[in-house]
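*Asks:* 173 is the number of the first residue of the sequence shown in this note's numbering; add one for each residue after it.
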Amino acid sequence: MLRFSLRTKLILSFSLVIVIGVFLSVIIGISLIGNTIIRQAQDKVRLDLNSAREVYQKESESIKCLIRLTARRFFIKDAILKNDTEKIREELQRIRKSESLDILTLTDEKGYVKVRARNPAVRGDRLNDGIINLVLLNKQPGVSTRIFPQEELEKEGTDLAEQARIKLVPTPKAKPREGKVEVSGMMIISAAPVIGYDENLIGVLYGGKLLNRNYEMVDKVKDIVYRGEQYKGRDIGTATIFQGDLRISTNVRNADGTRAIGTRVSEEVFDQVIGKGIPWIGRAFVVNAWYRTAYEPIRDIEGKIIGMLYVGMLEAPYVDLRNRVVFIFLGIALFGVILLSIIAYYTTNSITRPIKELVFATSKVTDGDLSSRVEINSHDEIGELADSFNKMTTSLSKYEKELKGWAETLEIKVKERTEELESTQKQLIQSEKLASLGKMAAGVAHEINNPLTAVLTFSKLLLDDLDKDDPQQEDLQTIVDETLRCRDIVRSLLDFSRETKSKKIPENINNIIENTLFLIEHQATFHDIKIDKKLSSGLPKIPLDASQIKQVFMNMFLNAAEAMSGRGTLTITSSYDDNKFLVINIKDTGCGIPEKDINKLFDPFFTTKKVGKGTGLGLAVTYGIIKSHQGLIEVKSTVGEGTEFIIKFPVKPLKFEEK
Ligand SMILES: Nc1ncnc2c1ncn2[C@@H]1O[C@H](COP(=O)(O)OP(=O)(O)OP(=O)(O)O)[C@@H](O)[C@H]1O
Ligand SMILES: [Mg+2]
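(1) Ordered along the chain, which non-local residues of its own chain (more than five positions away) have a Cβ less than 8 Å from that of I477?
(2) At a cut-off of 8 Å, would you count E734 as near ligand 2, judging by its Cβ distance to the nearest heavy atom?
(3) Apart from the five residues on each side of it in sequence, which residues of its chain come closer than 6 Å, Cβ to Cβ, to V838?
(4) What's the C-alpha gap between S362 and L325?
(5) Do you know whose CA, among I818, G503, G409 and D653, lies nearest V194's CA?
(6) Taking the C-alpha atoms as reference points, what is the distance between E231 and L196?
(7) On the DSSP bridge list, what partners appear for I756?
(8) I believe I453 touches Q214 by the beta-carbon criterion, under 8 Å. Please report the beta-carbon distance rounded to the nearest angstrom.
(9) Only counting runs of 4 or more residues, tell me where the alpha helix (DSSP H) segments fall wholly within the region 670-736, in order along the chain.
(10) Could you tell me which uninterrupted alpha helix (DSSP H) segments, each at least 4 residues in length, are contained entirely in the region 220-258, listed from first to last along the chain?
(11) Can you look up P526 in the DSSP assignment and give me helix, strand or coil?
(12) Got a sec? Which residues, its chain only, sit under 8 Å from K702 by beta carbon, not counting five neighbours each side?
(13) Any idea if G784 is buried or exposed, counting beta-carbon neighbours within 10 angstroms, 16 or more meaning buried?
(14) Return the chain-ordered list of same chain residues with a C-beta closer than 7 Å to the C-beta of A427, the five sequence neighbours on each side being excluded.
(15) Quick one: what's got a C-beta closer than 6 Å to Y482's C-beta in the same chain, skipping five residues either side?
(16) Ends of the alpha helix (DSSP H) at Q322?
(17) Strictly by DSSP, which residues pair up with E354?
(18) Check for me: the beta strand (DSSP E) holding A607 runs from which residue to which?
(19) Consider the C-beta atom of F698 and the heavy atoms of ligand 1; say whether any pair is separated by less than 8 Å.
(20) Which runs of the beta strand (DSSP E), 3 residues or longer, sit entirely within the region 781-809?
(21) For the alpha helix (DSSP H) holding I139, just list the boundary residues, first then last.
(22) Just the Cα atoms here: how many angstroms apart are V537 and S543?
(23) Going by the DSSP bridge assignment, what does V366 pair with across the sheet?
(24) At a cut-off of 8 Å, would you count N113 as near ligand 2, judging by its Cβ distance to the nearest heavy atom?
(25) Between the beta-carbon of L188 and the beta-carbon of I523, is there less than 9 Å?
(26) Could you round the C-beta distance between L707 and I685 to whole angstroms and report it? I think they count as a contact, below 8 Å.
(27) Could you tell me the distance, in whole angstroms, from the CA atom of G738 to the CA atom of T697?
(28) Considering E468, what are the terminal residues of the beta strand (DSSP E) in which it resides?
(29) Just to check, is the beta-carbon of G790 closer than 8 Å to a non-hydrogen atom of ligand 2?
(30) Buried or exposed, going by whether 16 or more other CB atoms sit within 10 Å of the CB of G405?
(31) Does at least one heavy atom of ligand 2 sit under 8 Å from the Cβ of G762?
(32) Please report the straight-line C-alpha distance between I190 and N562, rounded to a whole angstrom.
(33) Taking DSSP as the reference, what is the three-state secondary structure of K768?
(34) Measuring only the C-alpha atoms, how far is Q322 from I205?
(35) Report all residues from its chain with a CB closer than 6 Å to the CB of G357; omit the five preceding and five following residues, and keep chain order.
(36) Any idea what DSSP makes of E829, helix, strand or coil?
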């Protein structure tokens, strides 16, 4: 399957329209022009034949008139009656010459020659002519054309026979014919009765003109009809009188310029006009060129076709005219084709260029360049297309931006959720760990508690019994102190494992913070520490074990003071966040906690303090207490900058668990 570009298709269809259009108009135009010109020529020839016929008839009429008038002249009657042949001969000879008749003969009332003006020597013979018989019969003058056989011509004189004698010239397209010479002649002949005084016929006057080599009529036709017009040295118009198919009087010329006497008509014309008696109107090859012609038969008195009258116009001037017009027409058509092609080229370009731009812009969009725009200002469908393309890319880039925004938000959300999940997981691990540790600690504490009480009781009794100065008193006092210390540890362990019962009543957290601070503020450790309280008013009361929570804050504050080595700022904030939690932040400007210790912070016995200084139970106990309040504890710390503990209590715990 062939693939064409839009441009090619447009150009092809334009060209097709142009070619078909031009082709059709050229064909139609040429045939119309050609036909019109040639038809006009043919129509003219048809009319010219009428003129020629008129000339022929006029000539016949004038001969007839001459003969009729002469026959009625007094001298003829007189001379016949007086049998004065000499007088008749003289008169007739004079008339024949002055009227340029070829023959003029007087017969008696039976048709026998009385006086032959042209050749007086031959007389007494019977003129065997249809027209004479007609005059003898009805005493009316008549005229007709007639073929004169050689012997009749010779009776009038060898010069006449010689004028009639025509050598046949071989002619292309003529019908083959026997013989090489035509010896008979064709004459316009007229006869009129000579009437005596008693109204009876006393003779017949008979005269005529030989048409062979008599160019008077044909030249007259040429002059009247064609005014001697010439084309390239040739007469445009021609006229001919044929005897049979033979040109006996013509102004059609041979190649050498002589009259084409002796040439013959083409066979097809012969067959139609002589053979069938139908006039020929149309194109014919005459002697040596194509003519537009008209032929009609010439008949004798009996109606037999004996010759033809012809007029013709040289076809060449009309063909040349037609060719010239066709040439001009073709030139105009060619000019039109070129003009249309140029217009088609520019039109096609104006259609395809914006489309190419659109294609280019579209491929840029495909490559991800959403800023691509098309600059087309045409107010048509392509302009609209470009417009909507631009709108499309604008909204595409808008959506892309939005999409990117969403992706970013999503990323942040995912990060947040992951962090939350991680911290929850950590808390979970921590609580699991502490739960198992708590159980163990509780077991140990129980077991130690009773022997320890016994040790304390008995060592206290011993101490009471001992003298004040007893040297063992100091040692015993150490035993009591250390045992007390052990008891504190055991108690702490029991607190951590929540072995001790808690009593929760709705409390204001701010009050507990204030009470705790009051206890420690005056201690030496806090002298150089700035305490910054940011406690929100109007916090809801929540169920709390006040003494336990106090213990929590005490631990926190002491740890902070120790981390700050007694110098710095302790910031305590209480607030109520949207998630229905009371939040307490305890922030110090102490040494901070290294990353590796963060996870161990709430483990029992984890401490960084010197042996004997801290037990590492403070945060573990804190954790236990907060858990028992369904709270949360988190830590954020930066080494060298400080630490922040965040404690959260739910405002409305769904279920309150107690052990
Ligand atoms: N605010 C703080 N700044 C820096 N480190 C802290 C802070 N609070 C706790 N710590 C670290 O956590 C450890 C554990 O604290 P915890 O309160 O559990 O035990 P302790 O203070 O060492 O001993 P105890 O509280 O039993 O006397 C501390 O030894 C200390 O290293
Ligand atoms: Mg502590």
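We treat Cβ as the ideally placed atom computed from N, Cα and C, and that holds for glycine.
*Replies:* In this structure, then:
(1) The residue given as residue 477 occupies position 305 in the sequence shown. Answer for I477: V445, I446, G449, P469, I470 and R471, listed in chain order.
(2) For the purposes of this step, residue 734 is taken as the residue at position 562 of the sequence shown. E734: yes, Cβ under 8 Å from ligand 2.
(3) Nothing can be reported for residue 838: it is not among the residues displayed for the chain, which extend from 173 to 831.
(4) Working through the sequence shown from its first residue, we reach residue 362 at position 190. Working through the sequence shown from its first residue, we reach residue 325 at position 153. When rounded, the distance between both Cα atoms is 16 Å.
(5) In the sequence shown, the residue the question calls residue 194 occupies position 22. Minimum Cα distance to V194 is reached at G503.
(6) The residue labelled residue 231 in the question sits at position 59 within the sequence shown. The residue labelled residue 196 in the question sits at position 24 within the sequence shown. Those two C-alpha atoms are separated by around 52 Å.
(7) Walking along the sequence shown from the start, residue 756 turns up at place 584. I756 pairs with S746 and I819.
(8) For the purposes of this step, residue 453 is taken as residue 281 along the sequence shown, with counting starting at 1. For the purposes of this step, residue 214 is taken as residue 42 along the sequence shown, with counting starting at 1. Your pair I453 and Q214 checks out as a contact, with CB atoms roughly 7 Å apart and the cut at 8 Å.
(9) 681-693 and 718-735
(10) Note on the region 220-258: whole alpha helix (DSSP H) runs with a minimum of 4 residues are 246-254, in chain order.
(11) Position 354 of the sequence shown, counted from the first residue, corresponds to residue 526. Helix, per DSSP.
(12) Mapped onto the sequence shown, residue 702 falls at position 530. The answer, listed in chain order, is G740, T741 and L742.
(13) Your numbering for residue 784 matches position 612 in the sequence shown. G784 is exposed by the Cβ-count criterion.
(14) Position 255 of the sequence shown, counted from the first residue, corresponds to residue 427. N460.
(15) Mapped onto the sequence shown, residue 482 falls at position 310. If we look at Y482 and ignore the five residues flanking it on each side, its Cβ neighbours are T412 and Y467.
(16) For the purposes of this step, residue 322 is taken as the residue at position 150 of the sequence shown. For Q322, the uninterrupted alpha helix (DSSP H) run begins and ends at Q322 to E328, by DSSP.
(17) Within the sequence shown, numbered from 1, the residue matching residue 354 stands at position 182. For E354, which the question treats as bridged, DSSP gives the partners I338.
(18) By one-based count along the sequence shown, residue 607 stands at place 435. Segment E553 to D637 is the alpha helix (DSSP H) holding A607; no beta strand (DSSP E) there.
(19) The residue given as residue 698 occupies position 526 in the sequence shown. Distances taken from the Cβ of F698 to the heavy atoms of ligand 1 include none shorter than 8 Å.
(20) Here no run is fully enclosed.
(21) With the chain covering 173 to 831 only, the question about residue 139 has no answer from this structure.
(22) Taking the sequence shown and counting its residues from 1, one reaches residue 537 at position 365. Taking the sequence shown and counting its residues from 1, one reaches residue 543 at position 371. Approximately 8 Å between the Cα atoms of the pair.
(23) On the sequence shown, position 194 is the one that residue 366 refers to. V366 pairs with G375.
(24) The chain is shown from 173 up to 831; residue 113 falls before or after that span and cannot be answered.
(25) Locating residue 188 in the sequence shown gives position 16, where the first residue counts as 1. Locating residue 523 in the sequence shown gives position 351, where the first residue counts as 1. Not a contact, by the Cβ cut-off of 9 Å.
(26) Here residue 707 is taken as the residue at index 535 of the sequence shown, counted from 1. Here residue 685 is taken as the residue at index 513 of the sequence shown, counted from 1. Confirmed, about 7 Å.
(27) Here the question's residue 738 lines up with position 566 in the sequence shown. Here the question's residue 697 lines up with position 525 in the sequence shown. Cα to Cα, G738 sits roughly 6 Å from T697.
(28) Here residue 468 is taken as the residue at index 296 of the sequence shown, counted from 1. Unbroken beta strand (DSSP E) run through E468: A461 to R471.
(29) Your numbering for residue 790 matches position 618 in the sequence shown. Yes, ligand 2 has a heavy atom inside 8 Å of this Cβ.
(30) Locating residue 405 in the sequence shown gives position 233, counting from the first residue. Exposed, by the Cβ-count rule.
(31) For the purposes of this step, residue 762 is taken as the residue at position 590 of the sequence shown. Because no heavy atom of ligand 2 lies under 8 Å away, the Cβ of G762 does not count as near it: no.
(32) By one-based count along the sequence shown, residue 190 stands at place 18. By one-based count along the sequence shown, residue 562 stands at place 390. Rounded to whole angstroms, I190 and N562 show a C-alpha spacing of 37 Å.
(33) Stepping through the sequence shown from its first residue, residue 768 is reached at position 596. K768 falls in the helix class under three-state DSSP.
(34) Counted from its first residue, the sequence shown places residue 322 at position 150. Counted from its first residue, the sequence shown places residue 205 at position 33. So the two alpha carbons sit approximately 51 Å from each other.
(35) Numbered from 1 along the sequence shown, position 185 holds the residue referred to as residue 357. Excluding sequence neighbours, G357 sits near F320, L325, A336, L382 and N384.
(36) Position 657 of the sequence shown holds residue 829. With a pLDDT of 42 at E829, under the threshold of 50, the modelled position of this residue cannot be trusted, and the question is left open.
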